[in-house]
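Okay, so the sequence shown: first residue is 348 according to the numbering used here, each after it adds one. Since the structure comes first, as structure tokens, the remarks are kept for the end.
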Amino acid sequence: MIKEFKDISKNIVEEADVCVIGTGAGGAVVAKELAEKGLSIVALEEGSYFTYKNFNQDPGDMMAMMYRDSGTTVALGLPPASITMGKCIGGTTTINSATCFRTPQKVIEQWKKEYDCSGLEYDELIPWFEKVEKEINVVELTEDVLGGVYQIVKRGAKELGIEAKPLKHNVKGCEGAGVCQWGCIKGAKQSTEISYIPKADKLGARIYANCLVRRLDVESGKVRAVHGVFIDSKTGKRRHSITVKARVVCLAMSSMITPAFLLKQRLANTSGWVGKGLTIHPCGRVVAEMEEEVNGHYGVSQGGQIDAFKDEDIMLEGIFIPPGIMTMALPGVGEEHKYLAKHYKNLAAFGVMICDTTRGRIFPGLLGYPYIAWYSMNQADTDKLQKGISIVADIFFAAGAKRVFTGCYAMPILKSKEDLNTFKTMKTKPWHYEVTAFHPLGTCRMGNDPRRSVINLNLESHDIKGLFIPDGSPFPTSLGVNPQITIMAFATRAADYIAENITRY
Ligand SMILES: Cc1cc2nc3c(=O)[nH]c(=O)nc-3n(C[C@H](O)[C@H](O)[C@H](O)COP(=O)(O)OP(=O)(O)OC[C@H]3O[C@@H](n4cnc5c(N)ncnc54)[C@H](O)[C@@H]3O)c2cc1C
Ligand code: SF4
């Protein structure tokens, strides 16, 4: 049984082989894998516990319930980047779009060559990918749930000789309700609160929600105990504490929070790399006004992809959002705004994601806030974003768009192909864009050399015995694709290593 704030009536002391902090893509996986191997597990999660029966499709309600700071989290910089994260059992997987990609082989090769990761072999990772994909039921989406936007993008892309195809998602019985990012109302998305966590629970893992971890005890270079406090999610009141004495601790609080937690306590940072190297996989959203009704709200919101430009570090993936958020993000006020809201059914939208070369940084938080993030997109990434937006605009015009909204303040509206040609050739700057990002990574990077990395290739700290970081933090570059399968596969691999070596701790 998952214990929540309301179930806690006294201070708690637990003992376990492994204490896992965070229940998202990384934490839930290590908790279940290790419980299955017979280890005793305590998992602590700051957010609350919800099932699909609690979801109501209303983005405002759901963001307040399951997003960190109701979805207002940003990295400071020019331009500031919105980087949203989940805060609930299941972490960001509960509110993600369910898209699944393995780590591209060329990325692993780059890590080996340029980032001191020799010893990682793509072929040896395949069994871990397969294990995760089976656990969360990764399947290619079928045309019947892909919706109207996908048909428009496919049509426009075909005109230009580009292939659009369905994405793979971790779903069972997806009905294309299109609200994955606000919690799947059908219970179809196999996020970790529905896949790994119930299994870990059945296998005897002791799981605590509403539990904020504040401190890690380290003695003689080894982890000893974790300290947390229970928080009432409604009032913010803190009552009762928990101490978990453990031989191994897995920090899986996300690539934004794990490094800040370590920096604050001055732990595991003899390399000086904790918090550095943040990549975010910046996104742009291109919206088209079509003559025909698109009804983009029917169907999976991120169902289709175009990977023809991946060698130029540009991935195009679907993204459709509810009316309130969509119209707020479009240019125009007054009558123009009213017009767009009225014509929501005629809007189509598609996303652009850039495999970024920019590096940001995480600093310890202030005044009780868990972290501060800095990320200022460089010109090379800006040029890629501009190119990606131009490609999507081309596709929409080829499909018959009346107007295209670029998300670039230098030229927000394109009314014709001539406008598009102007947009393509103009020099845009980073601050011309509204940047959002969903895939922050890389802030406690892995590597063989303790002078240049925070953790080794098994995700264990070079400095502290028994401290592992199986979340989005280890990966030294942007992946160019959505990261949940990479995080889960490396977490599974780390869990196997921990289980084989538990007697050493
Ligand atoms: C809107 C959105 C859509 C996305 N879509 C996709 C997609 O389609 N495909 C894909 O591959 N990826 C997607 N992602 C990204 C993906 O979900 C994340 O990369 C992944 O979940 C990160 O895993 P993690 O383990 O690092 O952290 P998280 O999954 O974020 O889990 C971290 C957990 O740790 C908890 N925590 C933090 N601090 C503490 C503390 N002090 N004490 C206790 N608990 C704590 C948090 O509350 C959280 O639950 C999306 C992200 C977003 C925001
Ligand atoms: S599209 Fe709907 S049914 Fe399918 S996974 Fe997303 S929210 Fe669930």
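Ideal Cβ placement from N, Cα and C applies to all residues, glycine included. These figures come from a predicted structure and were not determined experimentally.
### Task
Within 10 angstroms of the Cβ of V680, are there 16 or more other Cβ atoms? Answer buried if so, exposed if not.
exposed
### Message
Check for me: the beta strand (DSSP E) holding G342 runs from which residue to which?
### Response
Outside the shown range of the chain (348 to 852) lies residue 342, about which nothing can therefore be said.
#### Entry: Residues near K657 by beta carbon distance below 7 Å, same chain, minus five either side
G827
### Task
Using three-state DSSP, classify L614 as helix, strand or coil.
coil
### Query
So S825 packs on C791, CB below 8 Å; how close in whole Å?
So it is not a contact: roughly 16 Å between Cβ atoms.
### Query
In terms of alpha-carbon separation, which member of D405, I666, D810 lies closest to T617?
D810
### Query
Residue range of the alpha helix (DSSP H) that I742 falls in?
726-745
### Query
What residue from E461, G698, A635, L488 has the CA that sits closest to K762's CA?
A635
### Message
Shorter than 7 Å, the distance from the beta carbon of A535 to the closest heavy atom of ligand 2, or not?
### Response
yes
### Proximal residues to S567 (C-beta, below 7 Å), its chain only, five neighbours per side dropped
none
### Message
Is L391 near ligand 1 - that is, is its Cβ less than 7 Å away from at least one heavy atom of it?
### Response
yes
### Query
T450: which of D843, M835, R851 sits nearest, CA to CA?
M835
### Query
Would the beta-carbon of K454 be found less than 7 Å away from any heavy atom of ligand 2?
The sequence as given places Val at residue 454; Lys does not occur at that position. The answer is no for V454.
### Message
Is F397 a contact residue of ligand 1, with contact defined as CB to any heavy atom under 7 Å?
### Response
no
### Message
For ligand 1, I want to know if I832 counts as a neighbour, meaning its beta carbon is within less than 7 Å of at least one of the ligand's heavy atoms.
### Response
yes
### Task
Pull up the distance between the alpha-carbon of E461 and that of F822, whole angstroms please.
13 Å
#### Entry: Separation of T370 from A440, as counted between CA atoms
Looking at the sequence itself, residue 440 is Thr, so the reference to Ala does not match. Those two C-alpha atoms are separated by around 9 Å.
### Query
Hey, is the region 514-522 in contact with the region 553-570, meaning 3+ C-beta pairs nearer than 8 Å?
no
### Query
Quick one, which of S538, Y497, V485, E468 has its alpha-carbon nearest N443's?
S538
### Message
Quick check on the burial criterion: 16 or more other C-beta atoms within 10 angstroms. Buried or exposed for L806?
### Response
buried
### Query
Between V576 and P797, what straight-line distance do the alpha-carbon atoms span, to the nearest angstrom?
33 Å
### Message
Whole angstroms are fine: how far does the CA of T850 sit from the CA of M409?
### Response
43 Å
### Query
Roughly how many whole angstroms lie between the Cα atoms of W529 and P669?
10 Å
### Query
Less than 7 Å between the CB of P717 and some heavy atom of ligand 1, yes or no?
yes
### Task
State yes or no: is the C-beta of L559 nearer than 7 Å to some heavy atom of ligand 1?
yes
### Message
If you reduce the DSSP assignment to three classes, tell me which class A552 lands in.
### Response
coil
### Message
By alpha-carbon positions, which one of F770, M673, V560 ends up nearest to H574?
### Response
V560
### Task
Drop a sphere of 10 angstroms on the beta-carbon of N725, count the other beta-carbons inside from all chains shown, and report buried for 16 or more, exposed for fewer.
exposed
#### Entry: Close beta carbons around T775, own chain, < 7 Å, minus the five adjacent residues each side
T729, Q733, C755, A757
### Task
In the DSSP assignment, find the beta strand (DSSP E) that holds M868 and state where it starts and stops.
There is no way to answer for residue 868, as the model of the chain reaches only from 348 to 852.
### Continuous beta strand (DSSP E) stretch holding H809: start and end
Segment: none, H809 is in no beta strand (DSSP E) and carries neither H nor E.
### Task
Mark N358 as exposed unless 16 or more other C-beta atoms lie within 10 angstroms of its C-beta, in which case mark it buried.
exposed
### Task
Flag T440 as yes when its Cβ comes closer than 7 Å to any non-hydrogen atom of ligand 1, and as no otherwise.
yes
### Task
Find the nearest neighbour of V565 within the set S808, A842, V376, T833, judged by alpha-carbon distance.
S808
### Task
List the whole-angstrom C-beta distance separating I701 from I661, where the pair is believed to meet the contact cut-off of C-beta under 8 Å.
6 Å
### Query
For the alpha helix (DSSP H) that Y780 lies in, which residues bound it at each end?
Element bounds for Y780: n/a, residue is neither H nor E.
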